[in-house]
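Numbering (my numbering), first residue to last: 5 to 801.
Please read the structure below before turning to the comments.
So this is what it looks like as structure tokens:
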């Protein structure tokens, strides 16, 4: 039957216009008996039930494509309207009545005729979630379960729980979905805490993204069996680097040190060694630890905590390159010439003893001439100056190849011991951060080159070039603002974008143009095929340097051990591992995006909570994006909020989509992207993570009578949602601030909005950096990108 069904599908696909009725099919396939008719009819019926074929009114059979059926992820906005993307066309809109039990994020099968913009969900293929998080709140005389996701709050819900369970006002719970339909049936599975208790708000977001701070008991039992000291037998067949001057450089509050660096000047350049914790030595394939690490995919860094991929007992213990103790590592040794080119490299298992645990702050001070610190660390000699010179040469070489630097700004939200936000500001990065970034990228490039040369299974970090469609739109907007961008006729090259950014670097609109261009970038992801990294202008690239917090790095280490150090030459095993790498790469990409979404949601919530206490205050900002429903304004502290067109009461404003401007129809006042503006905070909602502004008005004797200071201004979107921060690479360096530098963020209710503002983010080191000195008279946005976040660590190294 399966062979017959495949033959039927192939026939119908190859006859798109006619001859697709049952009789036509039978004749074409040479099946003329009555039994053939029964078999074909049965097979066609099954294909219809499987939604692989559809029967038109004239009894012609159609494939999914011929019938206008699309498989995709449905995104539902706050008003209930759904959207499903389709290639090279406008997204399909789905009315609430046609969503067929689908919830936001579900993968669905949608039917929509080519000439129509609205469709209907035929089937939910897979659910994004099988649970719901919410709070029991008093509504009149009833205690009602209110979902945290406002898109679910108008759903008809039936909540069940055990007889001995007593719901209480303010209790936040996780409910498992038992039945989908017009009425969704829920079962209370877990009490998270009470909504006003410290940390419960963050925990709820983490659990809502399927990120659990707790590890299974089996994993913790396995951790107990791992020794916390190196055994002599483990040092065999490893290069002894314990007598070399080697340091870790991380944030002030970092506890897991998975990379260390050393450098030796030589006649024609430097010998740079990047040593990475040998996590794969302890986390063996298919162990409980390995399975849990795969499920998590990566560590998640939020405002008040880190949810690690591996238990702290491991990541902060035997796998952490703590000072003065021996640790097992894998070292990438590179000979770098004065031009920054890596002339040769070698990769080998090693054992090191970190000489010192350094912080970014102290290394920056040493490089800036702090005599006290230079004296304290004089036993390290010129290590940091040599590292700086080597890293600068590597960066110059990468820039010469066309690597793009969007000058990203990371947002830091500082909280007190109760999780209350006390400050929001931009993280300031110095030379120390760039040193580590450049060293990590160099190691990643070298290992990727080696794995590709060996032609063995691996997981690569890939970043494809931006689509022509997006770049054409950016060129149109940029030229409308007076800045020309010339692109190749047949392809887009990174050096073209690099030159463009350099040409506009010193103009006031640079932060916005940089962010808009960033918006055009595709999202970096993991793949078993090596197709290069557009943003870094590298033909080979992968993640090798953070196996404690990224599962793909752990796999790279495992493949190095299997095919390089142990020289496994089994072709059968290679085929098996290649298939595994494909599956693991796809899963890791999904989990990375999920982790970033959780990080952004926590940050947005805390920013809104912070700004709610500042309602009524006036700030200077810059217009970062303009849409037909309003404009987004970014403040110096990186907070972004929205001014609605409806609140511009001095004129009737229309949106010029060609120039991305709002133009007053009577007075011709124009608001443009990049324009400085003063705004007043008029609303902030912790629940939705949004901030509302209005244009600051001149003081008057009636100003004190204003009462527009609401906590939640309704269901209209304000700050841009984070679901589309595209390039998600947590800056494409490494370390705990990876490639979020190429982020993509759409605004408002996803598909019915077009805009460009936005950000880049990444898991960087999570350390708190002091605020910029006050009193700087220079324009605060000049020469900086408005990209929001490279969180916790190094860029896409």
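Ideal Cβ placement from N, Cα and C applies to all residues, glycine included.
Remember, predicted model here, so these are calculated numbers, not experimental data.
- In this chain, the beta strand (DSSP E) harbouring residue 139 covers 135-143.
- Per the DSSP secondary-structure output, residue 364 pairs with nothing in a beta bridge.
- Here the alpha carbon of residue 586 sits roughly 17 Å from the alpha carbon of residue 290.
- In this structure, 151 is the residue among 307, 646, 151 with its C-alpha nearest to the C-alpha of residue 176.
- An exposed status is given to residue 101, since fewer than 16 other beta-carbon atoms sit within 10 Å of its beta-carbon.
- Ranked by Cα distance from residue 48, the options 37, 64, 34 are led by 64.
- Cβ neighbours of residue 217 within its own chain (closer than 6 Å, five residues either side excluded): 311.
- Check the Cα spacing between residue 408 and each of 432, 537, 16: the tightest is with 537.
- Setting aside the 5 residues that flank it on each side, residue 78 is surrounded in the same chain by 86, 88, 106, 110, 112, each with a C-beta closer than 6 Å to its C-beta; the list follows chain order.
- In the structure shown, residue 623 adopts extended strand secondary structure according to DSSP, grouped into three states.
- For residue 476, the enclosing alpha helix (DSSP H) starts and ends at 472-484.
- Classified as exposed, residue 5 has fewer than 16 neighbouring CB atoms from the shown chains inside 10 Å of its CB.
- The beta carbon of residue 132 lies closer than 6 Å to those of 109, 110 in the same chain, with the five residues before and after it left out.
- Rounded to whole angstroms, the gap between the alpha carbons of residue 117 and residue 612 is 42 Å.
- Linking residue 202 to residue 319 through their CA atoms gives a straight-line distance of about 26 Å.
- Here residue 261 is buried: its Cβ has 16 or more other Cβ atoms, across all protein chains shown, within 10 Å.
- Shown here, residue 321 sits in a helix according to DSSP, grouped into three states.
- Taking residue 435 as the centre and dropping the five residues before and after it, the same chain places the C-beta of 368, 371, 392 closer than 7 Å to its C-beta, in chain order.
- Nearest to residue 241 by C-alpha distance, out of 333, 702, 648, is 333.
- Using a 10 angstroms sphere on the CB of residue 80, the tally of other CB atoms reaches 16 or more, which defines it as buried.
- Relative to the Cα of residue 196, the nearest Cα in the group 211, 493, 134 belongs to 211.
- The Cβ atoms of residue 276 and residue 338 lie closer than 9 Å to each other.
- A distance below 9 Å separates the beta carbons of residue 618 and residue 688.
- Residue 403 sits in a helix when the DSSP states are folded into three classes.
- Residue 169 counts as exposed, since fewer than 16 other beta carbons sit within 10 angstroms of its beta carbon.
- Per the coordinates, the alpha-carbon of residue 229 lies some 37 Å from the alpha-carbon of residue 365.
- Taking every protein chain shown into account, the CB of residue 526 has 16 or more other CB atoms within 10 angstroms, so this residue is buried.
- Using a Cβ-Cβ distance cut-off of 8 Å, the region 655-669 and the region 427-447 are not in contact, since fewer than three pairs of beta carbons, one from each stretch, lie closer than that value.
- Per the Cβ contact rule, the region 624-639 is not in contact with the region 444-461 (fewer than 3 Cβ pairs under 8 Å).
- Residue 429: member of the beta strand (DSSP E) spanning 425-430, first to last residue.
- Distance check between residue 511 and each of 695, 677, 51 places 677 closest, using alpha-carbon atoms only.
- Ranked by Cα distance from residue 482, the first of 26, 665, 37 is 665.
- In summary, residue 162 is exposed, with fewer than 16 beta-carbon neighbours lying within 10 Å of its beta-carbon over all protein chains present.
- Judged by DSSP secondary structure, residue 89 falls within the beta strand (DSSP E) whose first and last residues are 86-90.
- Looking from the CA of residue 305, the closest CA among 188, 427, 626, 209 belongs to 209.
- Excluding residues up to 5 positions away in sequence, 189, 191 lie with their Cβ nearer than 6 Å to the Cβ of residue 182 in the same chain.
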